[in-house]
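Written out below as structure tokens is the structure these notes cover.
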Amino acid sequence: MAVNQSPMYRKAEERYRSASSPSEKVAALEEMLRLVPKHKASEKLQAALKQKLKNARDEMQKGGHAKHGGGHHDTYQVPKQGAGQVVLLGEANTGKSSILAALTSAKVEVADFPFSTHAAVPGMAHHEDVPIQLVDMPPLMAGHAQPGMIAAYRAADVILHVIDLSAIELIDQYERPLAWLREHNLRPVSQADLEFDEDEDAALPKRLLVVANKSDTPGAADNLEGLKELVGPDLTILPISAKRGDGLPEMMKALYDLLSVIRIYAKKPGKPVDKESPFILPVGATVHDMAHLVHRDLAEKLKSARIWGGTVHDGQQVHATHVLTDKNVVELHFP
Ligand SMILES: Nc1nc2c(ncn2[C@@H]2O[C@H](COP(=O)(O)OP(=O)(O)O)[C@@H](O)[C@H]2O)c(=O)[nH]1
Ligand SMILES: [Mg+2]
Numbered sequence: 543m544a545v546n547q548s549p550m551y552r553k554a555e556e557r558y559r560s561a562s563s564p565s566e567k568v569a570a571l572e573e574m575l576r577l578v579p580k581h582k583a584s585e586k587l588q589a590a591l592k593q594k595l596k597n598a599r600d601e602m603q604k605g606g607h608a609k610h611g612g613g614h615h616d617t618y619q620v621p622k623q624g625a626g627q628v629v630l631l632g633e634a635n636t637g638k639s640s641i642l643a644a645l646t647s648a649k650v651e652v653a654d655f656p657f658s659t660h661a662a663v664p665g666m667a668h669h670e671d672v673p674i675q676l677v678d679m680p681p682l683m684a685g686h687a688q689p690g691m692i693a694a695y696r697a698a699d700v701i702l703h704v705i706d707l708s709a710i711e712l713i714d715q716y717e718r719p720l721a722w723l724r725e726h727n728l729r730p731v732s733q734a735d736l737e738f739d740e741d742e743d744a745a746l747p748k749r750l751l752v753v754a755n756k757s758d759t760p761g762a763a764d765n766l767e768g769l770k771e772l773v774g775p776d777l778t779i780l781p782i783s784a785k786r787g788d789g790l791p792e793m794m795k796a797l798y799d800l801l802s803v804i805r806i807y808a809k810k811p812g813k814p815v816d817k818e819s820p821f822i823l824p825v826g827a828t829v830h831d832m833a834h835l836v837h838r839d840l841a842e843k844l845k846s847a848r849i850w851g852g853t854v855h856d857g858q859q860v861h862a863t864h865v866l867t868d869k870n871v872v873e874l875h876f877p
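Mapping of the sequence shown onto my numbering: residues 543 to 877, in sequence order.
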């Protein structure tokens with residue numbers, strides 16, 4: 543029987559499902575085991591997790607890369623930073639590098655010829671005060687990619703699919719990368735909540751946002767209408783112009799929403815709020831989850847907490863099980 547899991551558990555499960563190495567699997571499974579409720583109804587799940595953990599540890603000992611045969615699967619993988627990792631996907635000249643150039647300080651090549659981008663190039667963009675990592679990628683050419691590129695999309699928190707409203711091949715440009723993802727066992731979805739299949743070999747759901755770039759070009763509005771009519775309401779398509787900046791704040795907001803996280807500001811007793819670097823937690827996270835993030839070893843001993851902002855009175859004392867909301871200020875009291 544399915545056990546209703548906490549948001550932190552579901553995040554760890556997402557990391558487990560997207561893992562490309564045994565060590566990532568081990569870390570995610572250890573976290574899942576820590577977070578699974580320890581009662582009768584979850585005994586079967588706990589046993590299954592322990593078995594998977596044992597397998598992943600064995601795999602790690604052998605130094606193997608499950609399924610990938612130890613190939614160059616991580617050539618295009620970039621360590622995650624910020625509130626989430628968004629990996630760009632698209633054919634040549636759609637404007638992927640231009641998006642990075644417009645929103646981050648990453649050094650990317652913007653050029654009028656294909657293959658100006660050879661490697662994965664990360665940069666940090668922002669939605670308000672939340673850092674979100676964007677990763678520029680080489681193009682897909684007529685539905686084909688370099689070996690190893692798929693691993694970057696498998697590991698991504700969100701895929702940003704970029705198409706060019708001035709391209710004659712607009713519809714192919716939309717469809718071919720999606721088909722390529724599906725061929726490689728990824729299932730694009732447009733909602734933040736992921737439903738994992740019990741069968742771990744089933745297609746992995748991946749959050750994906752489509753942006754139609756070059757909205758500044760002649761005929762762009764008509765082309766967008768035509769495309770939307772053709773593809774229906776399945777995936778959201780946001781018009782943007784990397785050149786003029788139109789739609790980029792809306793795009794960052796949409797990415798933040800898709801990541802399904804909240805930002806929490808910490809406040810030390812008697813000190814002002816730290817507005818510099820908010821803690822990032824999944825939607826639905828509790829005061830206890832925050833305590834664990836701040837102070838792994840003391841989390842279980844949390845004495846009390848006060849919260850500002852949101853649905854409670856400012857400075858109100860709350861229980862460890864209290865569910866946090868975006869932009870809450872939290873003061874934790876440890877012994
Ligand atoms: N008009 C217009 N041109 C753009 C826009 N974004 C990118 N371009 C141009 O499209 C070409 C390809 O851009 P690039 O970012 O290198 O595409 P990539 O191959 O997907 O990385 C360059 O000549 C860019 O100047 C846009 O929003 N509007
Ligand atoms: Mg490029």
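Cβ atoms here follow ideal geometry from the backbone N, Cα and C, with glycine treated the same way. On a predicted model such as this, the values are computed, not experimentally measured, just so you know.
- Is Lys785 near ligand 2, going by C-beta to nearest heavy atom under 8 Å? Checking the Cβ of Lys785 against ligand 2 gives no.
- Query: Thinking C-beta only, is His861 closer than 9 Å to Val829?
  - Reply: Against a cut-off of 9 Å, the Cβ pair of His861 and Val829 comes out as a contact.
- Going by beta carbon distance, what residues of the same chain come within less than 7 Å of Leu571, once the five residues before and after it are set aside? Cβ contact annotation for Leu571 (same chain, cutoff 7 Å, sequence separation greater than five): Tyr558, Leu591, Lys594, Leu595, Ala598, in chain order.
- Item | Burial state of Met550, where buried means 16 or more other Cβ atoms lie within 10 Å | With 16 or more Cβ atoms within 10 Å of its Cβ, Met550 is classed as buried.
- Message: Below 8 Å, is the gap between the Cβ of Pro664 and the nearest heavy atom of ligand 2?
- Response: For Pro664, the Cβ stays outside the 8 Å cut-off from all heavy atoms of ligand 2.
- Query: In terms of DSSP beta bridges, what is Thr828 paired with?
  - Reply: Answer by DSSP bridge pairing, in chain order: Val865.
- Task: Would you check if the segment 787-796 and the segment 850-865 touch, i.e. whether three or more CB-CB distances between them fall below 8 Å?
- Result: As far as the Cβ criterion goes, the segment 850-865 does not touch the segment 787-796, which means the pair count is below three.
- Item | Inter-residue spacing [alpha-carbon to alpha-carbon] between Ile822 and Pro579 | Rounded to whole angstroms, Ile822 to Pro579 spans 23 Å at the Cα level.
- When the Cα atoms are used, what is the spatial distance from Asp764 to Pro680? Using only the alpha carbons, I get a separation of about 28 Å.
- Query: Which whole runs of the alpha helix (DSSP H) in the segment 550-596 are 4 residues long or more, in chain order?
  - Reply: List check, alpha helix (DSSP H) in window: 564-577.
- Message: Any heavy atom of ligand 2 closer than 8 Å to the beta-carbon of Asp678?
- Response: Within the cutoff, so yes.
- Item | Boundaries (first-last residue) of the beta strand (DSSP E) holding Ile779 | Annotation for Ile779: the continuous beta strand (DSSP E) segment containing it runs 779-781.
- Query: Do Ala643 and Val652 have their CB atoms nearer than 9 Å?
  - Reply: Yes.
- Within 9 Å, strictly: CB atoms of Arg729 and Leu751: It is not a contact, given that the beta carbons lie outside the stated cut-off.
- Item | Glu601 - DSSP class collapsed to helix/strand/coil | Residue state, collapsed to three classes: helix.
- Is any heavy atom in ligand 1 found nearer than 8 Å to the beta carbon of Pro681? It does: the Cβ of Pro681 is within 8 Å (strictly closer) of some heavy atom of ligand 1.
- Query: Looking only at its own chain, which residues have a Cβ that is under 6 Å from the Cβ of Arg552, when we skip the five neighbours before and after it?
  - Reply: None.
- Query: For Leu766, which beta-bridge partners are listed by DSSP?
  - Reply: Under DSSP, Leu766 shares a beta bridge with no residue.
- Who are the near neighbours of Lys795 in its chain, counting only those whose CB is closer than 7 Å to its CB and skipping five residues on each side? Here the set comprises His669.
- Cα-Cα separation, Ala648 to Met666: Roughly 8 Å separates the two Cα atoms.
- Message: Suppose you measure from the CA of Lys869 to the CA of Glu711; what does that come to, to the nearest Å?
- Response: If you draw a straight line from the Cα of Lys869 to the Cα of Glu711, it comes to about 43 Å.
- Message: Looking at Ser732: is its Cβ nearer than 9 Å to the Cβ of Asp776?
- Response: Taking 9 Å as the Cβ cut-off, Ser732 and Asp776 qualify as a contacting pair.
- Item | Cutoff 8 Å; reference Tyr734; Cβ partners in own chain excluding five residues on either side | Residue identity check: residue 734 is Ala in the sequence provided, not Tyr. Apart from the 5 residues on each side of it in sequence, Ala734 sits with its Cβ closer than 8 Å to the Cβ of Arg749, Asp799, Leu800, Leu801, Ser802, Val825 in its chain, given in chain order.
- Message: So Gln619 and Ala694 are supposed to be a Cβ contact under 8 Å. How far apart are they, rounded?
- Response: Contact between Gln619 and Ala694 holds, with the beta-carbon distance rounding to 5 Å and staying under 8 Å.
- alpha helix (DSSP H) runs contained entirely in the segment 632-714, provided each spans 4 or more residues: Counting only runs of 4+ residues, the alpha helix (DSSP H) found wholly inside the segment 632-714 occupies 638-645, 691-697, in chain order.
- Message: Using 8 Å for Cβ pairs, my map puts Val815 next to Ile849. What's the rounded Cβ distance?
- Response: Rounded, the Cβ-Cβ distance is 12 Å, inconsistent with contact.
- Task: For Pro781, I'd like the list of residues in its chain whose CB is within less than 6 Å of its CB, leaving aside the five on either flank, ordered along the chain.
- Result: In its chain, beyond the 5 residues on either side, Ala754, Ser757, Leu766, Gly789 have a beta carbon closer than 6 Å to the beta carbon of Pro781.
- Message: Helix, strand or coil, according to DSSP, for Tyr807 in the structure here?
- Response: Shown here, Tyr807 sits in a strand according to DSSP, grouped into three states.
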